[in-house]
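Asks:
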Amino acid sequence: MVAAVLVLAFSLQQVQVEASVDRKQVLLGEEFVLTITVQATGTEPVQIIDPLLSGLVLRGTSDRSQVSISAGVSTRVRTRELRLSANRTGKASIGAVRARMGNAVVSTDPIEISVTAAGLLRQDVLNPHIRALVESHVPDSLPQDEAYVEIVTSADSVVLGEQIDLIVIAWFPREIRSRLRNPPLLDPPQLAGAWTYPGGDAGAVALGRQVGATWYDLYVHHQAVFPLTPGNFEVGPAKVSYSLPLTFSFLSRERRHEVQSDSVYIMVSPQPTASRPAQFEGAAGVNLEFSVEITPTELSVGEAGMVVATVSGRGNVSLWPEPKIKWPGGLRVYPENVAVDLGPGEGKITGTKRFHYLIVADSAGVQRVPQPLYEYFDLGISDYVSLRSTRLEILIRESTASRGRSGGLAALMQTSMRVDSARLTESLSMWSWLLLLILPPLAVYGMRMLPRITIRRSAAVLREVNAFERTSLEFKLALENIVSGAQRHDRDHLADALRAAGVEEHVAMHTAGVRDRVWQVRYGPSGELDPEELVAEMEEVLKALIVMSPESRIPRSVHFTILLLSISIVTLSHAQSAERLYETGALRAAADSFLERTEAEPWSAAHQYNLGLVMNRSGFKSEAKAAWVRAARLEPRNREIRKALRSSLAHDVVSRDLTWVSPLTPAESLLAAALLWVLGWILVGFRVRRRAILLLVLATATAAYGEYIRRLYLQPIALIVPPTASLREAPYGPAATRGSLERSSAVRVLRVEGFWVLVEHGRDQGWLIRSELTRI
Numbered sequence: 043m044v045a046a047v048l049v050l051a052f053s054l055q056q057v058q059v060e061a062s063v064d065r066k067q068v069l070l071g072e073e074f075v076l077t078i079t080v081q082a083t084g085t086e087p088v089q090i091i092d093p094l095l096s097g098l099v100l101r102g103t104s105d106r107s108q109v110s111i112s113a114g115v116s117t118r119v120r121t122r123e124l125r126l127s128a129n130r131t132g133k134a135s136i137g138a139v140r141a142r143m144g145n146a147v148v149s150t151d152p153i154e155i156s157v158t159a160a161g162l163l164r165q166d167v168l169n170p171h172i173r174a175l176v177e178s179h180v181p182d183s184l185p186q187d188e189a190y191v192e193i194v195t196s197a198d199s200v201v202l203g204e205q206i207d208l209i210v211i212a213w214f215p216r217e218i219r220s221r222l223r224n225p226p227l228l229d230p231p232q233l234a235g236a237w238t239y240p241g242g243d244a245g246a247v248a249l250g251r252q253v254g255a256t257w258y259d260l261y262v263h264h265q266a267v268f269p270l271t272p273g274n275f276e277v278g279p280a281k282v283s284y285s286l287p288l289t290f291s292f293l294s295r296e297r298r299h300e301v302q303s304d305s306v307y308i309m310v311s312p313q314p315t316a317s318r319p320a321q322f323e324g325a326a327g328v329n330l331e332f333s334v335e336i337t338p339t340e341l342s343v344g345e346a347g348m349v350v351a352t353v354s355g356r357g358n359v360s361l362w363p364e365p366k367i368k369w370p371g372g373l374r375v376y377p378e379n380v381a382v383d384l385g386p387g388e389g390k391i392t393g394t395k396r397f398h399y400l401i402v403a404d405s406a407g408v409q410r411v412p413q414p415l416y417e418y419f420d421l422g423i424s425d426y427v428s429l430r431s432t433r434l435e436i437l438i439r440e441s442t443a444s445r446g447r448s449g450g451l452a453a454l455m456q457t458s459m460r461v462d463s464a465r466l467t468e469s470l471s472m473w474s475w476l477l478l479l480i481l482p483p484l485a486v487y488g489m490r491m492l493p494r495i496t497i498r499r500s501a502a503v504l505r506e507v508n509a510f511e512r513t514s515l516e517f518k519l520a521l522e523n524i525v526s527g528a529q530r531h532d533r534d535h536l537a538d539a540l541r542a543a544g545v546e547e548h549v550a551m552h553t554a555g556v557r558d559r560v561w562q563v564r565y566g567p568s569g570e571l572d573p574e575e576l577v578a579e580m581e582e583v584l585k586a587l588i589v590m591s592p593e594s595r596i597p598r599s600v601h602f603t604i605l606l607l608s609i610s611i612v613t614l615s616h617a618q619s620a621e622r623l624y625e626t627g628a629l630r631a632a633a634d635s636f637l638e639r640t641e642a643e644p645w646s647a648a649h650q651y652n653l654g655l656v657m658n659r660s661g662f663k664s665e666a667k668a669a670w671v672r673a674a675r676l677e678p679r680n681r682e683i684r685k686a687l688r689s690s691l692a693h694d695v696v697s698r699d700l701t702w703v704s705p706l707t708p709a710e711s712l713l714a715a716a717l718l719w720v721l722g723w724i725l726v727g728f729r730v731r732r733r734a735i736l737l738l739v740l741a742t743a744t745a746a747y748g749e750y751i752r753r754l755y756l757q758p759i760a761l762i763v764p765p766t767a768s769l770r771e772a773p774y775g776p777a778a779t780r781g782s783l784e785r786s787s788a789v790r791v792l793r794v795e796g797f798w799v800l801v802e803h804g805r806d807q808g809w810l811i812r813s814e815l816t817r818i
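Start counting the sequence shown at 43; every next residue gets the next number (the working numbering).
1. Apart from the five residues on each side of it in sequence, which residues of its chain come closer than 6 Å, Cβ to Cβ, to residue 329?
2. By alpha-carbon positions, which one of 343, 365 and 400 ends up nearest to residue 375?
3. In angstroms, rounded to a whole number, what distance separates the CA positions of residue 384 and residue 761?
4. Is it buried or exposed, residue 144, if we count other Cβ atoms within 10 angstroms and call 16 or more buried?
5. In the segment 62 to 121, which residue ranges form an unbroken beta strand (DSSP E) of at least 3 residues, counting only runs that do not cross its ends?
6. Run the CB neighbour count on residue 224, radius 10 Å, all protein chains shown included, and call it buried at 16 or more, exposed below.
7. Taking the Cβ atom as the reference point for each residue, do residue 322 and residue 217 lie within a distance shorter than 8 Å?
8. Over what stretch of residues does the alpha helix (DSSP H) that includes residue 729 continue unbroken?
9. Please name the residue in 140, 340 and 229 whose C-alpha comes closest to that of residue 210.
10. For residue 268, which residues does DSSP report across the bridge?
11. If you run the structure through DSSP and keep just helix, strand and coil, what is residue 215?
12. Residues in the same chain with beta-carbon distance under 6 Å from residue 450, minus the five sequence neighbours each way, listed in chain order, please.
13. On the three-pair Cβ rule with 8 Å, is the segment 742 to 758 touching the segment 706 to 723?
14. Report yes or no: do the segment 328 to 344 and the segment 413 to 430 share at least 3 C-beta pairs separated by less than 8 Å?
15. Output the residue ranges of the alpha helix (DSSP H) runs that lie fully inside the segment 666 to 702 and measure 4 residues or longer, sorted by chain position.
16. Just to confirm before moving on: does the CB-CB distance between residue 139 and residue 149 stay below 8 Å?
17. Using 8 Å as the threshold, is the C-beta distance between residue 189 and residue 282 below it?
18. Return the bridge partner residues of residue 261 from the DSSP annotation.
19. How should residue 728 be labelled, buried or exposed, when 16 other C-beta atoms within 10 angstroms of its C-beta is the threshold for buried?
20. For residue 599 and residue 584, what's the separation of their Cα atoms in angstroms?
21. Do you know offhand how far residue 161's Cα is from residue 130's?
22. With DSSP as the reference, label residue 774 as helix, strand or coil.
23. Roughly how many angstroms lie between the CA atoms of residue 740 and residue 664, to the nearest whole one?
24. Quick check on residue 273: buried or exposed, where buried means 16 or more other Cβ atoms within 10 Å of its Cβ?
25. When DSSP labels each residue in this structure, what does residue 574 get in the three-state scheme?
26. Give the single residue among 289, 304, 270 and 777 whose Cα lies nearest to the Cα of residue 310.
27. Please report the residue range of the alpha helix (DSSP H) in which residue 647 lies.
28. State buried or exposed for residue 348, treating a residue as buried only when at least 16 other CB atoms are found within 10 Å of its CB.
29. Can you tell me the Cβ-Cβ gap for residue 391 and residue 265, rounded? I've got them flagged as a contact below 8 Å.
30. Based on DSSP bridge pairs, tell me the residues matched to residue 779.
31. Which residue's Cα is closest to the Cα of residue 512: 369, 523 and 577?
32. Rounded to a whole number of angstroms, what is the C-alpha to C-alpha distance between residue 152 and residue 76?
33. Going by beta-carbon coordinates alone, are residue 701 and residue 671 separated by less than 8 Å?
34. Just the Cα atoms here: how many angstroms apart are residue 774 and residue 542?
35. Is residue 711 helix, strand or coil by DSSP?
36. Is it the case that the Cβ atoms of residue 579 and residue 556 are separated by a distance below 8 Å?
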């Protein structure tokens, strides 16, 4: 049994890595791309170890990731692209790419690149800055009968965020080097807690030096290192391996030699606390520049634009954090890819990092973005600097569909105070319906049954559900209090953000895991996790987060009171302002208000209908139709709702069948069946058997119809959002298409794989991107 559990756990924690280049024959100085793809299954963090480069120079990087959860197992796909160029002719090589997940390490095969000259006769192996450091270094003594390896650093102490040039020099007496049949193999030191950029290599002799009467040939390996934490930074030993023939014969055997250097320690000082900004995120560099651009500056409601925030200068370009931008309420913002471009900087790492954002206009008017802020520690002046970009203004016009409508605004529907059959039936548990089915015939024959145990069980189930919802809400608020936008992060990014906010590492990892399990219980298949155990686990995590939070000194009762007052005030303000926002044209704010109402009162058809009106006026036809279908399923005989739904019906038969609305709701059918059932048994008690049998048969048919409608409404149905959407044969972009669907066409959702959804429209099946669909 234990072996089976271990095998299962190992199968759920797997990592795969692949590496490929776009071409293997390049010109000297020409750029090409190395693509690294790591697919990990499980919850352990994954570390990508970049390969050693021989004869190549890193020019830039680009990273993206994708997370999907299937059958309770999370799958992460990380893609890293390295732009490389050759700095010498001949054979260049890319070492093995390694990925570490827990104790498991997987690697790829090395890749060999053929480099030919492009009209250049000679290219120096080392850049002038590194050559000057090597030439200025004079060792105390060198052996004459074997190789010698040592580590040279550009500084013995640095400030956190400052670059260290780490140079490994292998000294070979020329007489010994002339006997080598193969180039020596130089292993750079192992570095923990640092970010590195590969530089020059040891694939060829960098230069020659005369020490005393002996000439030495030098193999040099260089990398730029940025320690990540203050303290005593250790640089492990470097090794050089080479083989010498035992005799001068060509067929002579070789003897392997290995020489190791000493370790080196560098003191890393923390950045000063004086004048440190309150929201500082650790960026460091020299003479950074910051700008934010938007294209285009004029949009219509529903259209998309692109915002690019650029940070350039000298420093650890890859780890520069995201700028602080306060987006207005009339824009929907979706962070996209982050691109890093490295450039020559006289021996220092310089480059540009670009953050891309996709924005979608929601409300007409002028949307003003306050001056974006970027704060960093300038290593040149040893002080904190705040950079601000120019203020952005985006002009958003009404969409063409909105401008073309005649007449004024459609009237909003008022919330009715009638008794809702759906709420009434949902409040009754399965046991209550079972009692309703059994008690009438038992009462007719004089039997009594007190359903006390059943009522206790029903109450226990409701308490369990209420406890999970209450605790998960408190857990979500606690996460948002520590990490803004915590629900948008995947597991690894959420753990990193929590650690950056001051949460201990083990608590951060455990908190991210609990968040994923909450998502699994809420959105995944039922029955895989115990909500009661998850509630207890969330409560333990909340205790740890509250203790570590800087606001933990305030009593929890005060937090709870403030939370209740805030919710009450927000609810009252929304109740008074949603209609006014709609009338004044603030469509995004009005949509948010009505959306909050639908989440708080999902049984209200008026809220769904009003949300559809706002979406329709904003130009989001599919979202409007989805809201009206939900409203019609709640109140199928409401004239205003049915009129709005008829105006948005699709033309194809399949979509009309999938969005068909019954004249009776499932709850109404069940209540009618219950009433007929009770009346039928009452007639049985009075011995009016013919009419009783008719009522009982009618009750059974009505209950069956209600169950059919309930199951029909539970089917996952979605609508197409863009004007046209292509059905792909496989879940990736270049896959062949099987056809296309128009906007507002209805499809049945069959399977979800990450950002891809397998759908069915009649006899056609295909894959769509999740953003192309809106669920009913």
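We treat Cβ as the ideally placed atom computed from N, Cα and C, and that holds for glycine.
Replies: Quick look at the numbers:
1. Locating residue 329 in the sequence shown gives position 287, where the first residue counts as 1. Excluding residues within five positions, the ones whose Cβ falls inside 6 Å are 355.
2. As a position in the sequence shown, residue 375 is number 333, starting the count at 1. Minimum Cα distance to residue 375 is reached at 400.
3. As a working mapping, residue 384 is identified with position 342 in the sequence shown. As a working mapping, residue 761 is identified with position 719 in the sequence shown. Spanning the two alpha carbons is a distance of roughly 43 Å.
4. Translated into positions along the sequence shown, residue 144 becomes position 102. Exposed.
5. 67 to 69, 73 to 83, 88 to 91 and 98 to 112
6. Looking up residue 224 in the sequence shown gives position 182. Exposed, since its Cβ has fewer than 16 Cβ neighbours within 10 Å.
7. In the sequence shown, the residue the question calls residue 322 occupies position 280. In the sequence shown, the residue the question calls residue 217 occupies position 175. No, the Cβ-Cβ distance between residue 322 and residue 217 is not below 8 Å.
8. Counted from its first residue, the sequence shown places residue 729 at position 687. Segment: none, residue 729 is in no alpha helix (DSSP H) and carries neither H nor E.
9. In the sequence shown, residue 210 corresponds to position 168, counting from 1. Residue 210 has its Cα closest to that of 229, out of 140, 340 and 229.
10. Sequence index remark: in the sequence shown, residue 268 carries index 226 (1-based). In the DSSP output, where bridge partners are listed per residue, residue 268 has 237.
11. Translated into the one-based positions of the sequence shown, residue 215 becomes position 173. Note: residue 215 maps to strand in three-state DSSP.
12. Taking the sequence shown and counting its residues from 1, one reaches residue 450 at position 408. For residue 450, the predicted structure reports a pLDDT of 46, less than 50, and the residue's modelled location is therefore unreliable. A value from the coordinates is still provided. Excluding sequence neighbours, residue 450 sits near nothing in its chain.
13. yes
14. yes
15. 681 to 688 and 695 to 700
16. Taking the first residue of the sequence shown as position 1, residue 139 is located at position 97. Taking the first residue of the sequence shown as position 1, residue 149 is located at position 107. Result yes, Cβ atoms of residue 139 and residue 149 sit closer than 8 Å.
17. For this step, residue 189 is matched to residue 147 along the sequence shown. For this step, residue 282 is matched to residue 240 along the sequence shown. Against a cut-off of 8 Å, the Cβ pair of residue 282 and residue 189 comes out as a contact.
18. In the sequence shown, counting from the first residue as 1, residue 261 sits at position 219. Partner(s): 212.
19. On the sequence shown, position 686 is the one that residue 728 refers to. Flag for residue 728 reads exposed.
20. For the purposes of this step, residue 599 is taken as residue 557 along the sequence shown, with counting starting at 1. For the purposes of this step, residue 584 is taken as residue 542 along the sequence shown, with counting starting at 1. For residue 599, the predicted model reports a pLDDT of 39, less than 50, meaning its position is unreliable and no value from the coordinates is stated.
21. Start at 1 with the first residue of the sequence shown, and residue 161 comes out as number 119. Start at 1 with the first residue of the sequence shown, and residue 130 comes out as number 88. Low local confidence applies: a pLDDT of 41 at residue 161 is under 50, so the model's placement there is unreliable, and no value is given.
22. The residue given as residue 774 occupies position 732 in the sequence shown. If DSSP states are grouped into helix, strand and coil, residue 774 belongs with coil.
23. In the sequence shown, the residue the question calls residue 740 occupies position 698. In the sequence shown, the residue the question calls residue 664 occupies position 622. Straight-line Cα distance between these residues: approximately 38 Å.
24. What you label residue 273 is simply residue 231 of the sequence shown in a count that begins at 1. Exposed, because fewer than 16 other Cβ atoms sit within 10 Å of the Cβ of residue 273.
25. Within the sequence shown, the letter at position 532 stands for residue 574. Correct three-state label for residue 574: helix.
26. The count along the sequence shown starts at 1 and reaches residue 310 at position 268. Here the closest residue by C-alpha is 270.
27. As a first step, residue 647 is located in the sequence shown; it is residue number 605 there, counting from the start. First-last of the alpha helix (DSSP H) with residue 647: 647 to 659.
28. Residue mapping note: residue 348 aligns to position 306 of the sequence shown, counting from 1. By the neighbour-count rule (16 or more Cβ atoms within 10 Å), residue 348 is not buried but exposed.
29. One-based indexing of the sequence shown puts residue 391 at position 349. One-based indexing of the sequence shown puts residue 265 at position 223. Not confirmed; about 10 Å, so no contact.
30. Working through the sequence shown from its first residue, we reach residue 779 at position 737. DSSP, once it has assigned bridges, lists 770 as partnering residue 779.
31. Within the sequence shown, numbered from 1, the residue matching residue 512 stands at position 470. Among 369, 523 and 577, the Cα nearest to that of residue 512 is on 577.
32. Your numbering for residue 152 matches position 110 in the sequence shown. Your numbering for residue 76 matches position 34 in the sequence shown. About 12 Å.
33. Taking the first residue of the sequence shown as 1, we reach residue 701 at position 659. Taking the first residue of the sequence shown as 1, we reach residue 671 at position 629. The answer is yes: Cβ separation under 8 Å.
34. Numbered from 1 along the sequence shown, position 732 holds the residue referred to as residue 774. Numbered from 1 along the sequence shown, position 500 holds the residue referred to as residue 542. Approximately 34 Å between the Cα atoms of the pair.
35. As a first step, residue 711 is located in the sequence shown; it is residue number 669 there, counting from the start. Residue 711: helix per DSSP, three-state reduction.
36. Along the sequence shown, read from residue 1 onward, the residue named residue 579 stands at position 537. Along the sequence shown, read from residue 1 onward, the residue named residue 556 stands at position 514. Against a cut-off of 8 Å, the Cβ pair of residue 556 and residue 579 comes out as a contact.
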